[in-house]
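Engineer: Convert by adding 5 to the 1-based position in the sequence shown; the result is the number in my numbering.
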Amino acid sequence: MGQSPEGINVGETVQGMEFHQGKIFFTDKIIGKSNQQTSEITKVAKENSILLCMRAPVGKINITDREICIGRGLSSIIPFFNVDTMFLYYLLETLESDFNKKATGSTFKAITGDIVKNQAIPLPPLAEQKRIVRALEAILPVIDEYRKKEEELARLILSRKII
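1) On a CA-only basis, which of Gly118, Phe113, Asp89 is nearest Ile137? Give me that one, please.
2) Between Leu131, Lys153, Asn14, Thr47, which has its C-alpha nearest Leu79's C-alpha?
3) Quick check: what's the CA-CA separation for Glu52 versus Thr112?
4) Given a cut-off of 7 Å on the beta-carbon distance, is the pair Gln42 and Phe24 in contact?
5) Determine the closest residue to Thr18 out of Pro62, Asn40, Ile144, Lys28, with distance taken between C-alpha atoms.
6) Alpha carbon to alpha carbon, what distance is there between Met91 and Glu150?
7) Quick one: what's Arg71 bridged to in DSSP?
8) Using only CA atoms, which one of Leu131, Leu145, Glu155, Asp33 lies nearest to Ile55?
9) Have a look at Ser81 and Ile162 and give me their C-alpha separation to the nearest angstrom.
10) Nearest by alpha-carbon distance to Lys65: which of Arg165, Val121, Met22 is it?
11) Report all residues from its chain with a CB closer than 7 Å to the CB of Lys107; omit the five preceding and five following residues, and keep chain order.
12) Thinking C-alpha only, which one of Phe104, Arg165, Gly76 is nearest Glu11?
13) So, Glu63 versus Asn105, is the Cβ gap smaller than 7 Å?
14) Under three-state DSSP, which class holds Leu141?
15) Could you check what DSSP says for Glu23 in three-state terms: helix, strand or coil?
16) Can Phe30 and Gly21 be called in contact, C-beta distance under 7 Å?
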């Protein structure tokens, strides 16, 4: 898990490393650029690691395409040599609801590093992981297109343009 630097060492005018505390700059897949920098480098997420939100919203994920400093709200997961990054990304995406069920806290929900470390992960051989990723990346755009059409249809029905 990340460690937050002192507040005085974080800001838009501070010179240092790009800093991320939570999912505010998350995109569909690759984390966006933060306007926050830190001069107190506490925990670095390496390029091509997976970021996991440990605090509300628990379980959201993104991938880094550069080194960044992360605070307590994020954890950086670096796949082993026999684990395809995108396979792990898609797998973790399916575990978001499991992580949410395990989250605790009265003010805001959070999970611990132990919950993540103890999460069972099915790990087929690397060649099979790559095959699964290729199949997912072929079908996901089609699914997204159907979702957009479904949303448009719902909007039209609600506006009573289609009965």
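Glycine is no exception: its CB is placed at the ideal position from the N, C-alpha and C atoms.
The structure presented is a predicted model; accordingly, all values stated were derived computationally and were not measured.
Structural biologist: According to the data block:
1) Minimum Cα-Cα distance from Ile137 among the listed residues Gly118, Phe113, Asp89 corresponds to Asp89.
2) Ranked by Cα distance from Leu79, the first of Leu131, Lys153, Asn14, Thr47 is Thr47.
3) Taking the straight line joining both Cα atoms gives about 32 Å.
4) Yes. Within cutoff.
5) Ranking Pro62, Asn40, Ile144, Lys28 by CA distance to the CA of Thr18 puts Asn40 first.
6) Linking Glu150 to Met91 through their CA atoms gives a straight-line distance of about 21 Å.
7) Note: Arg71 is not bridge-paired with any residue in the DSSP secondary-structure output.
8) Answer by Cα proximity: Asp33.
9) Approximately 43 Å between the Cα atoms of the pair.
10) It is Val121 whose Cα lies nearest to the Cα of Lys65.
11) Cβ-Cβ distances below 7 Å link Lys107 to Ile116, Ile120 in the same chain, with the five nearest sequence neighbours on each side left out; the list follows chain order.
12) Of all alpha-carbon atoms in Phe104, Arg165, Gly76, the one lying nearest the alpha-carbon of Glu11 is that of Gly76.
13) Residue 63 is actually Val in this sequence, not Glu. Yes, they are a contact pair.
14) It is helical.
15) Three-state DSSP puts Glu23 in a strand.
16) It is not a contact, given that the beta carbons lie outside the stated cut-off.
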